[in-house]
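Visitor:
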Amino acid sequence: QVQLLESGGGLVEPGGSLELSCVGSGFRFVLEPMAWYRQRPGERRELVASITGRLRTTYTDSVKGRFTISRDSAKNTVYLQMNNLKPEDTAIYYCHAESYVLNWGQGTQVTVSS
Numbered sequence: 102q103v104q105l106l107e108s109g110g111g112l113v114e115p116g117g118s119l120e121l122s123c124v125g126s127g128f129r130f131v132l133e134p135m136a137w138y139r140q141r142p143g144e145r146r147e148l149v150a151s152i153t154g155r156l157r158t159t160y161t162d163s164v165k166g167r168f169t170i171s172r173d174s175a176k177n178t179v180y181l182q183m184n185n186l187k188p189e190d191t192a193i194y195y196c197h198a199e200s201y202v203l204n205w206g207q208g209t210q211v212t213v214s215s
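Each residue of the sequence shown is one higher than the one before, starting from 102 at the first, in the working numbering.
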């Protein structure tokens, strides 16, 4: 059974940083393309960043230069380092194993506010 467990969210002031972590289980993590999504209140879930098993990364334009996605296959973990956070980054963040469309974790809340 595919399971995804996100952590690392919290309340941070504008300009601050957070690192999100997601541990995956129930699938072959080392080959699996992984991604971070976020969902703001009243909006659709959007793709933030993705990383392939060969470490190729993509980012949505609004986070380029501020967020970094990485993975540690020895730990079955994918990370999202978020720097220079803005109020518009406030959302619930979810990691996703891209081959398993219907499987989502609980997410982790990120709130950027002074």
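No residue lacks a Cβ here, since even glycine has one placed at the ideal position from N, Cα and C.
Under a three-way DSSP split, which group does L132 fall into?
Guide: It is helical.
Visitor: Assign S163 to one of three DSSP states: helix, strand, or coil.
Guide: Note: S163 maps to helix in three-state DSSP.
Visitor: Does DSSP put E107 in a helix, in a strand, or in coil?
Guide: DSSP places E107 in strand when its eight states are reduced to three.
Visitor: Would the stretch 161 to 170 and the stretch 196 to 209 be scored as touching if the rule is three or more Cβ pairs under 8 Å?
Guide: No, the stretch 161 to 170 is not in contact with the stretch 196 to 209.
Visitor: For a test of the three-state rule: what should DSSP assign to E147, helix, strand or coil?
Guide: In this structure, E147 counts as strand in the three-state DSSP scheme.
Visitor: According to DSSP, D173 sits in a beta bridge with which residue or residues?
Guide: Paired residue(s): T178.
Visitor: Which same chain residues end up closer than 8 Å to G127 when comparing Cβ atoms and leaving out the 5 residues on each side of it in sequence?
Guide: If we look at G127 and ignore the five residues flanking it on each side, its Cβ neighbours are Q102, V103, Q104.
Visitor: Taking DSSP as the reference, what is the three-state secondary structure of E120?
Guide: If DSSP states are grouped into helix, strand and coil, E120 belongs with the strands.
Visitor: Span of the beta strand (DSSP E) holding Q210?
Guide: That run of the beta strand (DSSP E) goes 209 to 213.
Visitor: Taking only the alpha-carbon atoms, compute the straight-line gap between T153 and T191 and give it to the nearest angstrom.
Guide: Approximately 25 Å between the Cα atoms of the pair.
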